[in-house]
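A.B. asks:
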Amino acid sequence: MNLSNKILILIKHPITLALFLFAILPLVLPFIGGYISLATEVIIMSIFALAFNLLLGYTGLTSFGHAAYLGLGAYGFALCELHLTQRIWFVPILSGIVLTGILSFLVGYVISKKKGIYYSLLTLAIGQLFYFVGFRWNEVTGGETGLTGLVRPTLEVPGLFSLNLSNALVFYYFVFVAFLLTILLLWRIVHSPFGAVLQIIKQNEGRAKYLGYNTFWYKCVCFTISGLFSGFAGALYAMFTYCAFADYLYWINSGDVVMMTLIGGGLTSFFGPLAGAAIFIIARNLFSSFTQNWQIFMGIIFVIFILFFPEGLFGILKKQKPFLSKGIGG
Amino acid sequence: MLSHFLNHLFNGIVLGLLFTVIALGFSLVLGVMEVVNFAHGVLFAVGAYLAFSLVGVIGFWWALLVCPILVGVLGMFLELGLIKRIYNLNPLFGLLLTFSIAMAIEGFIKLIWGPMGYTIPAPPFAAGFINLGFMVYSKYRFIQGVLALVLILALWLFLEKTTYGAVIKAGTVSMEMVMALGKNLPRVRTFVFGIGSFLAGIAGVLTAPMWGIRPGIGMEAMMPALVVVVVGGMGSFYGSILAGQLVGIVTGITVMFYPRLSDMVMYMLMLVVFLGRPRGLMGTKSILEE
Amino acid sequence: MFWERKRFSIGVLVGAAVLMTLSLAGIGFAQEPIKIGLVGPYSGNWSYLGACLEQGARMAIDPFNAKGGIIGKKIELVIEDNQSNPGVTTQKVMKVIEKDKVNFILVGGGTSCSISAFEVAKREKVLTFSCDANDNSLNADKANRYTFRMPEPNYEIVRAIAPSILEKYGKRWYFHTADYKWGWDIAETFKAFLKEKGGTVVGEDLIPLEARDFSTYIINVKNAKPDVLIIVQGGMAGVAAQTQYHEFGLAKSVKRIQPLWDHDQWLIYGYEIAKENGLGLVEWDINIGAPGCKEFFQEWKRKYPMSFVPVPMLDTYHSHMATREALRVMTELGTIHTPDVIKKLEGRVVPDSLTHSQAMIRAEDHQYLRDAYIFAVKEPQEIKFNGDWVKPIKRIPWKELYRPPSIRLDREPF
């Protein structure tokens, strides 16, 4: 295949469109009443939502305590900065990922024998436990006051360049690179043989077992991968807000990510969660600026989506534009 | 030391009875309609807020009757308008639908009553405390416990001794059979949701003088309900009673020794039970398992 | 595929280019108003405070706007609900800075929220006033050149009220302490004072935040039989605590005192229960009889006849003073440039501070210094209207009360 064909294929790829839209997001948002940091929140939550959808959309497992893994990533980042080092830019982020990875593996090991509603309720209980540990273990997590005083380490490659991340727009593009990595890695995962097995499990776990797959391990590994990326999002979030609070782990935030993923169309599309995260966060921000009763509007909108558009936004779009169905199921 | 311990134990028992009452409505809807009703908590809150508005007007006893009825009616409207549309889908949708409804209703609560908190004083006859010699206890709390017990008994009688109760009990096993026996299924479902909401409302009225009234109490009440139902077994009446007591007493005792752990301990309990007996202490195979 | 068509791609590229140019060039609006950010609790544990803070701010802003604003610009208040939560506070403070480009910020919701806001203030270099936090660190290690703290620090609160408690009620104290930073801080200060004076700490219960059931702790107190129960609680937790103390008949055996006593809380649980308390530090109330109080009250009643609380609250006072002085300084200097405003606020004397001595904003630690007042609950016949339940029984001039500052913020660079 010659070069121009390769470039054409690259441009046609839906990931390119997604990346392009996210690249211009911080520049566009201020025109609709948003601001750059809102875009940063959207992109970090998009990473989280993609990680979450690995479980929900691809494996059919609903985790109701997933905010805990975002929060753990934030705590990992914060604790590293406060007790180990603030200087080398990737170390705190790595700490967040590692902490969350280890804990999510343990959780995955415990819960992966279950399925359906039992699985979900277990994740809720565990999520709440993590929340309370964070909220009450004042000595380590700062309890209600949280861990504050964090910094954004300078992004430096010795001898090459050094970039200060305190500017909102610069930080956004730093997170954009993280987003790029996430989207590429997750895309590869779901389009691999591993990903194919996950989808069989979603369809019918019994059949997957019958075909000889050890579904327990697949579910466990899937949960861990989801946890790793959630932790990544969490570490970035702590870096973004300069602090880590137990509040990040609260179960209502878990409900939010389920909502985002669903209304975006995560059940049938790889990109659904991105749309969902963007809509959810931007809508909530705009509504709460205009009215104190934004909860009523958000609640009603969700009710409408669940009743009439359960396939989510991308589900609707797919019916119109088949090219968007480069996601689940082929 | 003994009276100290007895006090905590007593507290735990009353707390447990209240948890049971909160959980029963949730359990009923879950068992009969296979819907994880996340709006249960907010209906509890509506009950408490209605009590706040009406206690001054019609007195405590009337409020105890009228407010839950209003909540029950609200519940039936929700079922007829919204919830009936998601019955045969993945349980996830029911959960998310009710979660969204809860969000909207909590917003309405803030709109109507404001975002601040309120209190209701204990009814005059129940104010003050009882001195039992070895123990001093709040009169209202004692009465709460008694009322909770009466309510549980009343519900038990309804389920065991009336025809409608029998239909509902049959429904927790198999809705198709109930339909085959000629009962009007949609009407049964609406009614059951109404009862579930009524129970949520009455729990709200009962606990309001003790726990205070804030918009957030709805979501807060969901958690004990969930834990009790999971620990006791989904759809099991006796399970809810047993689990309620277990959670209540364990929480009460933990407060005595290690207050910081007191709110976590119910989730630890849930985890332990779940891993050992996933169907709960007294649960049977639930339709939700498939 | 539609996006392969040339027109589509060109359209998108042109659109993106236009947007980027516009955003980089910046669209200027003529005569942008001066914005003040109010990040306070409109829900959560302190849900009634947000409105109180708003009242005070607006009462300060309106006279300036009536005269045409400052340097020709009108003043606007931008309000965000921080849900009494420090995490949300950080987000909302960042939002009002980035999106609304506020000139200065008023923050409420307690110690943790102020700590969070102060950090953002330092990073973003925005003037910020804490209107309701008492933690000692807020005019010490957690303060920075951009932050000012209006309420009294815990140390001075204890110094003001503890001697009276000791004298009136006795030396054996039991503590019910809210289990987080604010609670520990103030409890430790009380305990240190008590030990100094030869008293005894009979016991302490650390009550988890958001606990609503106080029965266990009440049982503990009854068993310990102290002279006084010091209640270190606030917001709705304080309300729940007081209600339950009353329920369990605690008043029969133990005098209880909630050192930091807010009007709004009494109004929620009522006079009967309030009466069971001993002294309290209300920090400020229109009853203190200082010059200007009556007029302030009249003005407040005129503006807010339907207010949930029938008297202006202490938080209203704090946000009012902060806003008023900041705006006055800007008017006097003819500029809204933050470093200049801060320098003028440092060491500023406030003659009409609605207290007996003139108040002052201390340069070294940016602490608002004013007299402390101790209150007792009125007898029924002394009450003139609902909510008028306390009377001042002692005044401590600030010059006698405040210890020297522990930092030199005025020497920090901008």
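Chains as they are written, first to last, in the numbering used here: chain H, 1 to 330; chain L, 1001 to 1290; chain V, 2001 to 2414. Think of the CB as a built atom: it goes at the ideal place given N, C-alpha and C, for glycine as much as any other residue. Given the structure is predicted, the values throughout are model-derived calculations rather than measurements.
Kindly indicate the opening and closing residues of the alpha helix (DSSP H) around I1109/L.
C.D. replies: P1091 to W1113 is the span of the alpha helix (DSSP H), which, as asked, contains I1109/L.
A.B. asks: May I ask you to report which of helix, strand or coil DSSP gives G149/H?
C.D. replies: coil
A.B. asks: Would you say N2223/V reaches chain L, if we count a Cβ-Cβ gap shorter than 8 Å as a contact?
C.D. replies: yes
A.B. asks: Given this structure, state the Cα-to-Cα distance separating P1068/L from G1047/L, to the nearest angstrom.
C.D. replies: 6 Å
A.B. asks: What's the gap between the Cα of H2318/V and the Cα of G1216/L?
C.D. replies: 28 Å
A.B. asks: Take the Cβ of L211/H as the centre, count every other Cβ of all protein chains shown within 10 Å, and call the residue buried at 16 or more, exposed below.
C.D. replies: exposed
A.B. asks: Does the separation of the CB atoms of V2390/V and F2375/V fall below 8 Å?
C.D. replies: yes
A.B. asks: Between V1188/L and V1173/L, is the Cβ-Cβ spacing less than 8 Å?
C.D. replies: No, the pair does not count as a contact, with Cβ atoms beyond the cut-off.
A.B. asks: For Y1955/V, which option in D2371/V, R2370/V, I2407/V and G2235/V has the closest C-alpha, if you only look at C-alpha atoms?
C.D. replies: Residue 1955/V is absent from the structure shown; chain V starts at 2001 and stops at 2414.
A.B. asks: Given a cut-off of 8 Å on the beta-carbon distance, is the pair Y1137/L and N1007/L in contact?
C.D. replies: yes
A.B. asks: Label M1234/L either buried or exposed according to how many other C-beta atoms from any shown protein chain fall within 10 Å of its C-beta, with 16 as the threshold for buried.
C.D. replies: buried
A.B. asks: Would you mind working out which of H2320/V, M2360/V and A2363/V sits nearest A2051/V, comparing C-alpha positions?
C.D. replies: H2320/V
A.B. asks: To which residues of the same chain is W260/H closer than 6 Å at the C-beta, ignoring the five residues directly before and after it?
C.D. replies: The sequence shown places Met at residue 260/H, rather than the Trp named in the question. A49, G276, A277 and F280.
A.B. asks: Decide if D2185/V is buried, meaning its Cβ has at least 16 other Cβ atoms within 10 Å, or exposed.
C.D. replies: The residue is buried, with at least 16 neighbouring Cβ atoms inside 10 Å.
A.B. asks: Assess, as a yes-or-no matter, whether the segment 240–249 of chain H is touched by the segment 55–75 of chain H under the definition of 3 or more beta carbon pairs within less than 8 Å.
C.D. replies: yes
A.B. asks: Identify, in the order they occur along the chain, each residue of the same chain with its Cβ nearer than 6 Å to the Cβ of I32/H, setting aside the five sequence neighbours on each side.
C.D. replies: none
A.B. asks: Cβ atoms of V2228/V and G2170/V: under 8 Å apart, would you say?
C.D. replies: yes
A.B. asks: With 8 Å set as the bound, which would you pick, yes or no: does the beta-carbon of G1075/L sit closer than that to a beta-carbon of chain H?
C.D. replies: no
A.B. asks: Using the beta-carbon count (16 or more within 10 Å), is N285/H buried or exposed?
C.D. replies: buried
A.B. asks: For N253/H and L121/H, I'd like the C-alpha separation in whole angstroms.
C.D. replies: C-alpha separation (whole angstroms): 15 Å.
A.B. asks: Spatial neighbours of A2025/V within its chain, please: CB distance less than 8 Å, with the 5 preceding and 5 following residues excluded, ordered by chain position.
C.D. replies: Only weak support is given to the placement of A2025/V: the predicted model assigns it a pLDDT of 42, under 50, and the question is left unresolved by the model.
A.B. asks: Pull out every residue of the segment 1172–1202 of chain L whose Cβ sits closer than 9 Å to any Cβ of chain H, in chain order.
C.D. replies: Residues passing the 9 Å Cβ filter: none.
A.B. asks: What residues in its chain sit with their C-beta under 6 Å from that of S2164/V, if we drop five residues either side in the sequence?
C.D. replies: L2279 and I2374
A.B. asks: Taking L122/H as the query, report the chain B residues whose CB atoms sit under 7 Å from its CB, ordered along the chain.
C.D. replies: The chain labelled as chain B is not found among the protein chains of the depicted structure, namely H, L and V.
A.B. asks: For the segment 2190–2201 of chain V and the segment 2107–2123 of chain V, state whether three or more C-beta atom pairs, one from each stretch, are separated by less than 8 Å.
C.D. replies: Not touching, per the Cβ criterion.
A.B. asks: Between Y242/H and the ligand SAM, is there a pair consisting of the residue's CB and a ligand heavy atom that are separated by less than 7 Å?
C.D. replies: Inclusion of the ligand SAM in the displayed structure is not the case, the ligand content being empty and no account of it being possible.
A.B. asks: What's the gap between the Cα of E1079/L and the Cα of W1156/L?
C.D. replies: 24 Å
A.B. asks: Looking at chain V, which residues of the segment 1202–1216 of chain L have a Cβ within less than 9 Å of any of its Cβ atoms?
C.D. replies: Listed by position, the residues of the segment 1202–1216 of chain L near chain V (Cβ gap below 9 Å) are P1209, M1210, W1211, G1212, R1214, P1215 and G1216.
A.B. asks: Checking contacts by CB at 8 Å: is Q128/H closer than that to chain L?
C.D. replies: yes
A.B. asks: Give me whichever residues DSSP pairs with F2175/V in a beta bridge.
C.D. replies: E2204/V and I2230/V
A.B. asks: Taking 8 Å as the cut-off, decide whether the C-beta atoms of T224/H and G127/H are in contact.
C.D. replies: no
A.B. asks: Identify the continuous alpha helix (DSSP H) that holds I1195/L and give its terminal residues.
C.D. replies: Counting along the chain, the alpha helix (DSSP H) containing I1195/L begins and ends at L1185 to W1211.
A.B. asks: Rounded to a whole number of angstroms, what is the C-alpha to C-alpha distance between E2196/V and L2206/V?
C.D. replies: 22 Å
A.B. asks: Between which two residues does the beta strand (DSSP E) containing F2129/V stretch?
C.D. replies: L2127 to S2130
A.B. asks: Count the other CB atoms, across all protein chains shown, that sit within 10 Å of the CB of A196/H; report buried if there are 16 or more and exposed otherwise.
C.D. replies: Exposed is the call here.
A.B. asks: What's the gap between the Cα of N2386/V and the Cα of E2272/V?
C.D. replies: C-alpha of N2386/V to C-alpha of E2272/V: approximately 12 Å in a straight line.
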